[in-house]
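Number of protein chains: 2
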Amino acid sequence: MNEARTSGRSREALSSQSEQTRAALIRASLRLFGQKGFDGTSTRDIAAAANANIGSIAYHFGGKEGLRLACAGFIVDTVQRIAGPAIAAVPLGDGASGEAAAMAQIDAIVERMVGFIVAEPQAGEIVQFVLRELSHPTAALDAIYTGLFEPIHRRLCAIWAAATGEEAEAEETRLRVFAIIGQVIYFRIGREAVLRRMGWRSVGAAEAVRITSVVRENVHAIGTAIRGRSS
Amino acid sequence: MNEARTSGRSREALSSQSEQTRAALIRASLRLFGQKGFDGTSTRDIAAAANANIGSIAYHFGGKEGLRLACAGFIVDTVQRIAGPAIAAVPLGDGASGEAAAMAQIDAIVERMVGFIVAEPQAGEIVQFVLRELSHPTAALDAIYTGLFEPIHRRLCAIWAAATGEEAEAEETRLRVFAIIGQVIYFRIGREAVLRRMGWRSVGAAEAVRITSVVRENVHAIGTAIRGRSS
DNA sequence: GTCTATAAACAGATAGAC
DNA sequence: GTCTATCTGTTTATAGAC
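For the record, the sequence lines run as chains A and U.
Position in the first sequence (first residue = 1) + 8 = our numbering.
Position in the second sequence (first residue = 1) + 8 = our numbering.
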């Protein structure tokens with residue numbers, strides 16, 4: 009079996025034609041895998057969409073499966089770059105002022121999450137790709153879980169804990185953060201149903217604002233109720 | 009093109025071998041479509057799983073596409089039978105007592121939803137199937153949306169309105185009900201991530217109880233906050 | 001109604017010319 | 001590195017035997 013050129017390549021060659029073809033193939037396959045699924049996408053379609061030839065897939069990635077793994081790597085890099093700053097640790101005070109600051113950070117995160125996941129076109133491909141991987145785990149999911157899901161969820165739990173006084177790694181907290189994420193994700197997954205039920209033609213910036221407003225209110229309500237339990 | 013035997017069949021022939029083959033094909037294809045996707049599933053696999061032969065698919069459903077539509081019909085029937093009683097209209101009093109009764113019905117619905125969607129094995133196939141249809145709408149989605157999504161969502165909005173005093177068909181209410189559904193659905197869609205993060209080996213009855221507890225608390229918190237706005 | 005054989009198209013992988 | 005030609009296996013659909 010030929011070894012694909014997936015590692016050890018020099019960083020100076022980023023704009024060589026080889027790297028351009030490589031990048032174009034990843035972009036095209038991420039889009040097509042997201043739209044039509046891994047099995048539903050042929051290597052011929054990918055090559056055509058990337059303006060490359062079929063043989064280049066075997067050359068760069070060893071085969072179709074290698075392309076899937078490369079997509080996972082691209083997703084990890086992309087989302088880390090976008091989500092990283094938003095969920096970075098910010099200095100939080102103690103007691104009530106710390107809780108308020110943490111809740112403000114949660115507000116900002118919800119707004120960014122909705123903006124990216126729901127309204128950003130590129131997020132559609134990524135979410136669909138991840139969704140399919142979740143339903144049929146491969147090595148690509150391992151990369152996405154370890155590089156993205158786990159660290160982000162853990163960080164969100166910590167922020168939620170700072171905002172409510174709950175323990176960050178408590179089972180209840182972890183489940184609650186999943187439920188909160190679900191509120192947002194569903195607007196992408198069930199987009200078609202949302203469009204029909206809301207009578208919207210698309211979900212753009214204006215619709216994202218409406219969704220953000222509702223989700224933020226929900227999250228506040230949950231946080232307030234949790235905080236109120238301990239008093 | 010041959011017309012498939014998809015309509016006009018007599019109801020008395022339910023246990024004939026023809027109907028048995030037909031039912032077996034639908035069950036098998038729903039499971040396989042859910043697991044591996046429509047494109048990822050071959051008619052040979054379906055026929056083998058249903059203990060039928062390949063030709064019978066063309067005979068009963070006209071082809072693979074007809075099988076997809078038949079799956080959608082099966083889903084509408086199944087979910088209507090399960091969800092129907094739970095969301096049926098119950099006599100609600102006026103004022104505060106009516107709100108409490110409506111919230112109690114919401115509690116019961118959340119519990120049933122989590123129990124079915126998250127813990128019931130058959131729900132996995134159905135959710136995965138619907139999920140894939142949502143991301144790539146065909147005529148099968150039209151059937152599911154019209155027969156299931158729209159009426160159930162509308163009914164949930166009405167119950168939520170009775171519990172909170174909001175207007176049932178207000179944009180905000182419709183979005184809020186979507187967000188609440190998202191909380192539950194995510195535990196099925198993101199099951200693999202949930203399993204890993206929670207350290208669970210599977211999601212059974214015991215885990216469903218934990219999830220129900222968290223989601224119910226969230227929903228109560230949201231409902232209470234909404235009700236509190238008007239005072 | 002069921003099952004088999006086969007057709008026609010398409011898949012991914014690969015060898016080799018350039 | 002790129003591109004073409006081709007191999008091998010698999011796909012859905014269908015015609016026809018039983």
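We treat Cβ as the ideally placed atom computed from N, Cα and C, and that holds for glycine.
Boundaries (first-last residue) of the alpha helix (DSSP H) holding residue 29 of chain U: For the purposes of this step, residue 29 of chain U is taken as residue 21 along the second sequence, with counting starting at 1. From DSSP, the alpha helix (DSSP H) with residue 29 of chain U extends over 25-44.
Mind pulling the chain A residues with CB within less than 7 angstroms of residue 159 of chain U? Working through the second sequence from its first residue, we reach residue 159 of chain U at position 151. Here the premise fails: no neighbours, minimum Cβ distance about 11 angstroms.
Would you say residue 143 of chain U lies against chain A (beta-carbon separation less than 8 angstroms)? Locating residue 143 of chain U in the second sequence gives position 135, counting from the first residue. By this cut-off, residue 143 of chain U is an interface position.
DSSP three-state assignment for residue 178 of chain U, whether helix, strand or coil: Here residue 178 of chain U refers to the residue found at position 170 of the second sequence. If DSSP states are grouped into helix, strand and coil, residue 178 of chain U belongs with coil.
Length of the line joining the Cα atoms of residue 159 of chain U and residue 55 of chain A: The residue labelled residue 159 of chain U in the question sits at position 151 within the second sequence. The residue labelled residue 55 of chain A in the question sits at position 47 within the first sequence. Roughly 43 angstroms between the two C-alpha positions.
Please compile the residues from chain U whose C-beta is within a distance smaller than 7 angstroms of the C-beta of residue 202 of chain A. Here residue 202 of chain A corresponds to residue number 194 of the first sequence, with the count starting at 1. Ordered by position in chain U, the residues that pass the 7 angstroms Cβ test against residue 202 of chain A are 186.
Return helix, strand or coil for residue 145 of chain A, following the three-state DSSP convention. Counting from one through the first sequence, the residue named residue 145 of chain A turns up at place 137. Reduced to three states, the DSSP call for residue 145 of chain A is coil.
Is any beta-carbon of chain A found at less than 8 angstroms from that of residue 17 of chain U? By one-based count along the second sequence, residue 17 of chain U stands at place 9. Residue placement at residue 17 of chain U is poorly supported in this model, since its pLDDT is 43, which falls under 50; the coordinates still yield a value, given next. No, residue 17 of chain U does not count as interfacial toward chain A.
Residues, ordered as in the chain, of the stretch 108-131 of chain U that lie near chain A by beta-carbon distance below 8 angstroms: none
With DSSP run on the structure shown, which of helix, strand or coil describes residue 98 of chain U? In the second sequence, the residue the question calls residue 98 of chain U occupies position 90. In the structure shown, residue 98 of chain U sits in coil (DSSP, three-state: anything other than H, G, I, E or B).
Thinking residue 230 of chain A and residue 189 of chain U are a contact (beta carbons under 8 angstroms), I'd like their distance in whole angstroms, please. If you number the first sequence from 1, residue 230 of chain A lands on position 222. If you number the second sequence from 1, residue 189 of chain U lands on position 181. 16 angstroms between Cβ atoms; not a contact.
Mind listing the chain U neighbours of residue 44 of chain A? Cutoff is C-beta to C-beta under 8 angstroms, in chain order. By 1-based counting over the first sequence, the position of residue 44 of chain A is 36. Result: 47 and 144.
8 angstroms Cβ cutoff met for residue 137 of chain A and residue 42 of chain A: Here residue 137 of chain A refers to the residue found at position 129 of the first sequence. Here residue 42 of chain A refers to the residue found at position 34 of the first sequence. Cβ atoms of residue 137 of chain A and residue 42 of chain A: closer than 8 angstroms.
For residue 14 of chain A, decide whether its Cβ has a neighbour in chain U, counting only Cβ atoms nearer than 8 angstroms. Residue 14 of chain A sits at position 6 when you count from the first residue of the first sequence. Since pLDDT at residue 14 of chain A reaches only 42, below the 50 mark, its modelled position is unreliable, and the value read off the structure follows with that caveat. Taking Cβ atoms only, chain U never reaches closer than 8 angstroms to residue 14 of chain A, which makes this a no.
Cα-Cα separation between residue 150 of chain U and residue 79 of chain U, rounded to whole angstroms: On the second sequence, residue 150 of chain U is found 142 positions in, with the first residue counted as 1. On the second sequence, residue 79 of chain U is found 71 positions in, with the first residue counted as 1. When only Cα atoms are considered, residue 150 of chain U and residue 79 of chain U end up about 13 angstroms apart.
Residue 217 of chain U burial status per 10 Å Cβ neighbour count (16 or more: buried): Position 209 of the second sequence holds residue 217 of chain U. Residue 217 of chain U should be labelled exposed.
Residue 168 of chain A - DSSP class collapsed to helix/strand/coil: Locating residue 168 of chain A in the first sequence gives position 160, counting from the first residue. In this structure, residue 168 of chain A counts as helix in the three-state DSSP scheme.
Determine, using beta-carbon pairs with one atom in the stretch 73-91 of chain U and one in the stretch 82-97 of chain A, whether at least three such pairs fall under 8 angstroms. no
Are any of the Cβ atoms in chain U nearer than 8 angstroms to that of residue 217 of chain A? Position 209 of the first sequence, counting from 1, holds the residue named residue 217 of chain A. For residue 217 of chain A, the answer is no, since every Cβ of chain U falls outside 8 angstroms of its Cβ.
Quick check: what's the CA-CA separation for residue 40 of chain U versus residue 130 of chain U? Residue 40 of chain U sits at position 32 when you count from the first residue of the second sequence. Residue 130 of chain U sits at position 122 when you count from the first residue of the second sequence. Roughly 12 angstroms between the two C-alpha positions.
Taking all protein chains shown into account, decide if residue 191 of chain U is buried (16 or more other Cβ within 10 angstroms of its Cβ) or exposed. As a first step, residue 191 of chain U must be located in the second sequence, where it is residue number 183. Counting Cβ neighbours within 10 Å, residue 191 of chain U comes out buried, since at least 16 surround it.
Residue 235 of chain U (DSSP reduced to helix, strand or coil): One-based indexing of the second sequence puts residue 235 of chain U at position 227. Helix at residue 235 of chain U.
Check whether the stretch 84-95 of chain A and the stretch 116-130 of chain A are in contact - that is, three or more C-beta pairs closer than 8 angstroms. yes
DSSP state of residue 59 of chain U mapped onto helix, strand, coil: As a first step, residue 59 of chain U is located in the second sequence; it is residue number 51 there, counting from the start. Note: residue 59 of chain U maps to coil in three-state DSSP.
Please check the pair residue 206 of chain U and residue 179 of chain A, which I expect to be a contact at CB under 8 angstroms, by giving their CB distance rounded to whole angstroms. Here residue 206 of chain U refers to the residue found at position 198 when the second sequence is read from its first residue. Here residue 179 of chain A refers to the residue found at position 171 when the first sequence is read from its first residue. Right, the Cβ-Cβ distance comes to about 7 angstroms (below 8 angstroms), so this counts as a contact.
Would residue 115 of chain U and residue 224 of chain U be called neighbours here (beta carbons separated by less than 8 angstroms)? The count along the second sequence starts at 1 and reaches residue 115 of chain U at position 107. The count along the second sequence starts at 1 and reaches residue 224 of chain U at position 216. Yes.
Name the chain A residues whose beta carbon is nearer than 8 angstroms to that of residue 100 of chain U? Working through the second sequence from its first residue, we reach residue 100 of chain U at position 92. By Cβ distance, chain A contributes nothing, its closest Cβ being about 23 angstroms from residue 100 of chain U, past 8 angstroms.
Apart from the five residues on each side of it in sequence, which residues of its chain come closer than 7 angstroms, Cβ to Cβ, to residue 215 of chain U? Looking up residue 215 of chain U in the second sequence gives position 207. Excluding residues within five positions, the ones whose Cβ falls inside 7 angstroms are 208.
Please classify residue 219 of chain U: is it buried, with 16 or more other beta-carbons within 10 angstroms of its beta-carbon, or exposed? What you label residue 219 of chain U is simply residue 211 of the second sequence in a count that begins at 1. By the neighbour-count criterion, in which a residue is buried when 16 or more other Cβ atoms sit within 10 angstroms of its Cβ, residue 219 of chain U is buried.
Report the rounded CA-to-CA distance for residue 51 of chain U versus residue 65 of chain U, giving the unit in angstroms. Within the second sequence, residue 51 of chain U is the residue found at index 43, counting from 1. Within the second sequence, residue 65 of chain U is the residue found at index 57, counting from 1. Approximately 8 angstroms between the Cα atoms of the pair.
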